[in-house]
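Below is one structure; the comments refer to it alone.
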Amino acid sequence: MSRACVAWLLALCAVAAVAKDAPPATADPVLEARMLSIAAELRCLVCQNQTLADSDASLAQDLREQIRAQLRDGADAAQVRRFMTDRYGDFVLYRPPLQASTLALWLGPGLLLAGGLTMLGSVLRRRARLSDAHFEPDRSEVLEVEGATR
Amino acid sequence: MTRWRFALPLLLFGLLVLALARGLRLDPHEVPSPLIDKPAPPFALARLDDAARTMRRDDLLGKVWVLNVWASWCEACREEQPSLLVFARSAGVPLIGLNYKDTRAQGSAWLERFGNPFDASLFDATGQVGIDFGVYGVPETFVIDKRGLIRLKLVGPLTAEAIETRIRPLLKALDV
Amino acid sequence: MIPELGQTALLLALAVALIQGTLPLLGAARGHEAWMRLARPAAQAQCALVTLAFVLLAGSFVRNDFSLLYVALHSNTSLPLAYRLAGVWGGHEGSLLLWLTMLCGWMLALAHFSRQIPLPVLARTLAVMGWIAAGFLLFMLATSNPFERLVPVPPDGNDLNPLLQDPGMVIHPPLLYMGYVGFSVAFAFAVAALIGGDLGTQWARWMRPWTSAAWSFLTLGILLGSAWAYSVLGWGGWWFWDPVENASFMPWLAGTALIHSLAVTEKRGAFKSWTVLLAIVAFSLSLLGTFLVRSGVLSSVHAFATDPKRGLFILVFLVVVIGGSLLLYAWRAPKLGLGARFDAVSRESMLLLNNVLFVVAMASVLLGTLYPLLLDALGLGKISVGPPYFDAVFVPLMAPVAFLMGVGPLARWKRAELPAIALRLRWAAAVSVVAALGAGWLAGRITVAASLGLWMSAWIAASIATDLWQRLGPANPAPPRARLRALPRPVLGMLLAHLGVAAFAFGVSMVKTYETERDVQMMVGDSTEVAGHVFTLQGLQRVAGPNYDAVQALIAVTREARPVTLLRPEKRVYRVQGTPMTEAAIDHGLTRDLYVSLGEPLAGGAWIVRVYCKPFVNWIWGGCLMMALGGALAASDRRYRAKQPRTAATADAHALPDAACGTVHIAGAAP
């Protein structure tokens, strides 16, 4: 075990002597990062369960290159998304656009929460108004929080 | 609230079942085209058989025409060749092929081997025109009217049935 | 011969299931004891038959019997033994058989660990489970028979999908199914209570350990799926809000609400009809998940090969089981009483609030998952709903949940005083804010999102510490060792599970905010630095696995010139299917993971290499593990297994008249 370690360390030193700092995978990492952040919210049309950023499909590679080209030409994220939806429709957006047909989607959770809280409130109020006869009597030992001393 | 609130879950479930039942007949993978009834994207591509000659979108204005996207590496394209060949003989409209992300040598060889139903094939080496048309799954077929608007898009290999039930009636309606 | 034997076993099991579903139910309705007594042996017989079928299928995989179509599709002679066994559940038909085997396992467990449950209740509960089993058996025999023959017999099989050839994938489906199927026990208890018109709360006490156990399994199953995705998919993602992931998460959310609701129903008799509904909903979501994965209705990376006939069958099954139980609910639930009284501010109302939040979260996930289908069904176009939506909607709902987790356990039953609680939590509140900002500052930068997540984590931990200090600290008159022993298991379980949530929130916040990544081109000898670690490509070699060929990179990692580890990421090609796979190399650590994966090879012998440093990512799975252990701890409380004393007077038992039906309930000794 230790001999292997020593050999490895020697090799490491030898390598370190001639090692060079690896260049970034792409020529322009900043552009790449911008492209990936846009592509991460787009859907690959071939491998439809991956984002455009993650997919290895040929079309995905082409579309990523499209986005790079557009960003270089000065387009912003909204314009890139417009380019994609003009050709592929809203299907390509993983963040559904806010429009008439998606109002229920985007407002739904908030409305459900409001509705749930309202129902909770009315249930509590209704219970408060009923007389004790509607309820079961308490089992006194249960009211203590278990293990607590208060 | 009355007793009827206890029936609410059942009601919601019923609606869900209706949606799911309808969903069984739909294809979640199919992507409808946003270009229907919109102008076909402009292009100027060299022909596959003759690199010196270029065809533009506007060359076809005034005519109804059919665009079929194909490639030599596409296995499903072989399936539709027989139906396309039959259609080409009796279509009465120009049938233009778009050779998508291929090489000239392989594209030409494929047409020789499997038959050439096209009046002309355009060579889209980079796939840029394909992207502009919203192509995502070769083969795809488009019907474009006299004003240059896309009227129909079909994804997947054309069957004789699809040609008879979807394309021919549309061609008739477009007054061919 | 063997496949035919397996098929016969399934047919017999169907017959037994039908008997199990009818006779005990009729027996309970008419007081016919002999028929009720049939339930246990019927469950045992069914378990034996289904297990036999499962063992026979597994055996066919082990022996490489390619005369079975299912084996030919999912196995190969060069597939290692462990994965040949995993192949049993690698496809649709086999996974159904796994589902069924798990169901029979739970049935058997219920038949065995139910001495304290009265016979009519047990009979009804097992009968309901019998019906569910019958439905699955019918489905399998009609449309998805794993024992179908393939003629002529091919010399070798298709091989298991390479993505599934991983240890995590071997246990992920069984654990997940244990969770899904386990909720059928809670479902069965709920339906039995509705059928029997059980107006007391004993059924809640019986239901509770089974629900906690199922929930623990489901937590483990989801944990494993997520951890697997992280280690195998090549870019370190661990949750994608994929429809099938959501299909497992929704029953989990409903199950979490159910556990909390059961606490109230068991202790205070309140929320009876709501708990029953939640039990029905939790299992219904499990079944819905089954439908979504196998019907082709949604597009998912997990989806099995689809067949519209199967989809229709499952839909009919859903209508019968879920529709039937909801119909029963609509009819019988109004008869369930209101339970004991409680104030608007009390532990009960806080648990109700918890339920509202979890149910809204579950409904939101359901809405997002099904919305594309709904729009398409209405002809309103095709959209996609992905992580941006779910992240935007789900996370804000969890912040109030985290807040409640601190306040709720300190609240008294029936009536709680907010000012008193606030006073007790003032230290926790201050500490949590300071800790959140301090952790952000130590990590390098403070962001709003990270601070919120870190605060949630610190708040939960600090309030647990406050609670424990109260229980175990100097205020407690009992001697120190006795204080710990006096803590009931359900309380310990709750504290552990909540602490797990804190750990989870901490891991998620740290990884999402402070993860660092480098994508570089490396030739042999090149190095790059990420988060203080130097990664050097020392060499590339070809390796041949049992059923794949790979290029393996040797990457040495050092920190401050001292060696840390040697990582070996691979790019594999599985021979039979020809599919490429990226095998990432990970150095796991308590405070960080170092994650390296190979991208594409470039001209000239260089490779694209992706290097990540992911801080505290293992706290995500550690937290889930703590949650699961907490649930298991809570389920193991001995008082759930003790037979109820039949004599009226023990030192601290009370006999309570149940006003509605005139029977007498004996309250247990422990809280």
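The listed protein sequences derive, respectively, from chains A, B and C.
For reference, each letter of the first sequence is one residue, going 1 to 150 in my numbering.
For reference, each letter of the second sequence is one residue, going 1001 to 1176 in my numbering.
For reference, each letter of the third sequence is one residue, going 2001 to 2671 in my numbering.
Ideal placement from N, C-alpha and C gives every residue a C-beta, glycine not left out.
Since the model is a prediction, treat every value here as computed from it, not as a measurement.
Under 8 Å from the C-beta of residue i: neighbouring residues of chain B
i         : result
C/LYS2382 : GLU1030, VAL1031, PRO1032
C/LEU2010 : Correct list: empty, because the minimum Cβ distance to chain B is about 26 Å.
Under 9 Å from the C-beta of residue i: neighbouring residues of chain A
i         : result
B/GLY1107 : The contacting residues do not exist; B/GLY1107 stays about 16 Å from chain A at best.
B/ASP1124 : Residues of chain A passing the Cβ test: none, with the nearest at roughly 11 Å.
C/GLY2339 : PHE135, GLU136
Cross-chain neighbours of residue i in chain B, by beta carbon under 9 Å
i         : result
C/PRO2251 : Residues of chain B passing the Cβ test: none, with the nearest at roughly 15 Å.
A/ASP21   : Those do not exist, as A/ASP21 stays about 34 Å from chain B at its closest Cβ, beyond 9 Å.
Interface partners of residue i on chain D, CB under 8 Å
i         : result
B/ASP1145 : Among the protein chains of the structure shown, namely A, B and C, there is no chain D.
Near the ligand COA: residue i beta-carbon under 6 Å from a heavy atom
i         : result
C/GLY2337 : This structure lacks the ligand COA, and indeed carries no ligand of any kind.
Chain C residues whose Cβ lies nearer than 9 Å to that of residue i
i         : result
A/LEU103  : Those do not exist, as A/LEU103 stays about 11 Å from chain C at its closest Cβ, beyond 9 Å.
A/ARG34   : Ordered by position in chain C, no residue passes the 9 Å Cβ test against A/ARG34, which lies about 14 Å from the chain.
B/ARG1056 : Simply none; closest approach about 32 Å.
A/LEU107  : Here the premise fails: no neighbours, minimum Cβ distance about 10 Å.
B/LEU1024 : SER2295, GLY2296, VAL2297, PRO2308, GLY2311, LEU2312, LEU2315
A/ASP76   : Residues of chain C passing the Cβ test: none, with the nearest at roughly 18 Å.
Cβ shell of residue i (< 8 Å), same chain only, five flanking positions each side left out
i         : result
C/ARG2412 : SER2346, ARG2347
C/VAL2564 : HIS2533, VAL2557, THR2558, ASP2587, LEU2594
A/THR102  : PRO96
C/GLY2296 : ALA2303, THR2306, ASP2307, PRO2308, GLY2311
C/ARG2568 : GLN2552, ALA2553, LEU2554, ILE2555, ALA2585
C/ASP2376 : LYS2382
C/SER2384 : PRO2372
Same chain, Cβ closer than 6 Å to residue i, neighbours up to 5 away in sequence not counted
i         : result
C/PHE2139 : PHE2313
A/TRP106  : LEU98
C/ALA2045 : VAL2016
C/ASP2526 : LEU2537
Proximal chain A residues relative to residue i, where beta-carbon distance stays under 7 Å
i         : result
B/GLY1134 : ARG87, TYR88
C/GLN2521 : ALA22, PRO23, ALA25
C/ALA2363 : LEU112
B/GLY1127 : ASP62
Contacts around residue i, its chain only, beta-carbon distance under 7 Å, and the 5 residues preceding and following it disregarded
i         : result
C/LEU2487 : ARG2471
B/GLN1106 : SER1072
B/LEU1016 : none
C/TRP2131 : GLY2021
C/ALA2606 : GLN2521, MET2522, MET2523
C/VAL2433 : TRP2455
C/THR2647 : Note that C/THR2647 scores 38 on pLDDT, short of 50, meaning its location in the model is unreliable; the coordinates nonetheless yield the value given after this. Correct list: empty, nothing qualifies.
B/TRP1065 : VAL1093, PRO1094, ILE1096, ILE1144
C/ALA2142 : PHE2313
Nearest-angstrom beta carbon gap, residue j and residue i [assumed within contact, 8 Å]
i         : j         : result
C/ALA2082 : C/VAL2151 : Contact doesn't hold; Cβ gap of about 29 Å is too wide.
C/LEU2326 : B/PHE1013 : 6 Å
C/PHE2317 : C/ALA2270 : No, C/PHE2317 and C/ALA2270 are not in contact; Cβ-Cβ is about 33 Å, not under 8 Å.
A/ARG64   : A/MET35   : 6 Å
C/ASP2159 : C/VAL2576 : 4 Å
C/PRO2615 : C/TYR2514 : 5 Å
C/ALA2227 : C/GLY2182 : In fact, because the Cβ distance is near 21 Å, the residues do not count as touching under 8 Å.
C/ASP2156 : C/THR2077 : 6 Å
A/LEU31   : A/LEU42   : About 16 Å; that fails the 8 Å criterion.
Beta-carbon neighbours of residue i, restricted to chain C and to distances below 7 Å
i         : result
B/PRO1009 : LEU2277, LEU2326, TYR2329
A/LEU93   : SER2384
Residue i: contacting residues in chain B (beta-carbon distance under 7 Å)
i        : result
A/PHE135 : Correct list: empty, because the minimum Cβ distance to chain B is about 18 Å.
Contacts of residue i in chain C (Cβ-Cβ under 8 Å)
i         : result
B/VAL1017 : LEU2315, LEU2318, VAL2319, GLY2323
Listed by chain order, chain A residues near residue i by CB distance under 8 Å
i         : result
C/TRP2235 : ASP54
Inset, instruction - Jot down the residue ranges of each uninterrupted alpha helix (DSSP H) in the stretch 2239-2321 of chain C, minimum 4 residues, whole runs only, in chain order. - result: 2243-2268, 2272-2295, 2308-2318
Inset, instruction - Using a Cβ-Cβ cut-off of less than 7 Å, give me the residues of the stretch 2478-2500 of chain C that come near chain A, in sequence order. - result: ALA2486, LEU2487, PRO2488, VAL2491
Legend entry - Positions along the stretch 1135-1169 of chain B whose CB lies within less than 9 Å of some CB in chain C: none
Legend entry - chain B contacts made by the stretch 44-65 of chain A, where a contact means CB separation under 8 Å: LEU45, VAL46, GLN48, SER58, LEU59, ASP62, LEU63
Legend entry - Interface positions of the stretch 2365-2392 of chain C facing chain B (Cβ-Cβ less than 8 Å), listed along the chain: LEU2370, PRO2372, LEU2373, LEU2374, ASP2376, ALA2377, GLY2381, LYS2382
Inset, instruction - Taking only beta carbons into account, state which residues of the stretch 2321-2337 of chain C come closer than 7 Å to chain B, listed in chain order. - result: ILE2322, GLY2323, LEU2326, LEU2327, TYR2329, ALA2330, ALA2333, PRO2334
Inset, instruction - Anything in the stretch 115-132 of chain A with a Cβ closer than 9 Å to a Cβ of chain C? List those residues in chain order, please. - result: GLY115, GLY116, LEU117, MET119, LEU120, GLY121, VAL123, LEU124, ARG125, ARG127, ALA128, LEU130, ASP132
Legend entry - Continuous beta strand (DSSP E) assignments of at least 3 residues falling wholly in the stretch 2026-2087 of chain C: none
Inset, instruction - Report the residue ranges of all alpha helix (DSSP H) runs contained in full by the stretch 2397-2434 of chain C; include only those spanning at least 4 residues, in chain order. - result: 2418-2424
Inset, instruction - Using a Cβ-Cβ cut-off of less than 8 Å, give me the residues of the stretch 2620-2632 of chain C that come near chain A, in sequence order. - result: none
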